[in-house]
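To start, the structure itself, in structure tokens.
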Amino acid sequence: MRGSILAYPLANLVHLAGLVLLIGCIGLLDLRLLGAVRALPVAAMIRYMVPAAGLGLVLLIASGIAMFAADATALAKHDGFRLKLLLILAGVMNAGLVHAIWLRRSAWQEPGRQMPPGLRIQAAVSLALWCWVAVEGRMIAYG
82 MRGSILAYPL
92 ANLVHLAGLV
102 LLIGCIGLLD
112 LRLLGAVRAL
122 PVAAMIRYMV
132 PAAGLGLVLL
142 IASGIAMFAA
152 DATALAKHDG
162 FRLKLLLILA
172 GVMNAGLVHA
182 IWLRRSAWQE
192 PGRQMPPGLR
202 IQAAVSLALW
212 CWVAVEGRMI
222 AYG
């Protein structure tokens with residue numbers, strides 16, 4: 082990574098694209114689950130947004146590993162980096178819980194219905210976690 086003038090900037094660009102894809106898709110879905118744009122069917126959003134968010138996560142992980150390899154010793158000691166990893170784990174676990182608990186139930190997915198309170202709480206937590214991941218990632222560059 083250090084031997085190439087383009088490798089790190091390219092990995093950083095892929096990382097940014099993955100972040101935009103992940104947070105854009107999950108953010109839109111979370112906002113819908115919180116009650117925004119009730120005319121949009123939740124099931125359709127899930128069908129399109131979740132795979133795209135998954136692709137974003139894959140891009141983030143692959144590029145993140147490449148960038149980590151360029152400066153592993155310093156990053157491993159960085160509190161912000163470790164916090165970012167924990168936040169990513171929490172975000173992925175929250176998404177897994179949403180899928181395990183809520184996606185098996187279909188009654189709430191009907192257009193115009195209000196989401197159950199527990200699902201709205203998980204959507205708010207998801208939105209906060211993924212935004213915090215993005216902020217923490219930027220803070221690593223400055224600290």
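In our numbering, the protein residues as written are 82 to 224. Every residue gets a Cβ at the ideal spot worked out from N, C-alpha and C, and that includes glycine. Here the structure is a predicted model, which means the values were calculated and not measured.
Check whether the Cβ atoms of Arg119 and Arg194 lie closer than 9 Å to each other.
yes
Rounded C-beta distance between Leu109 and Leu138? I'm assuming under 8 Å.
With a Cβ gap of about 15 Å, Leu109 and Leu138 do not count as contacting.
Taking 9 Å as the threshold (C-beta atoms), are Gly224 and Lys165 in contact?
no
Label Val179 either buried or exposed according to how many other C-beta atoms from any shown protein chain fall within 10 Å of its C-beta, with 16 as the threshold for buried.
buried
I'd like to know whether the C-beta atoms of Ile107 and Leu208 end up nearer to each other than 9 Å.
yes
Do you know whose CA, among Met130, Val101 and Arg185, lies nearest Leu141's CA?
Val101
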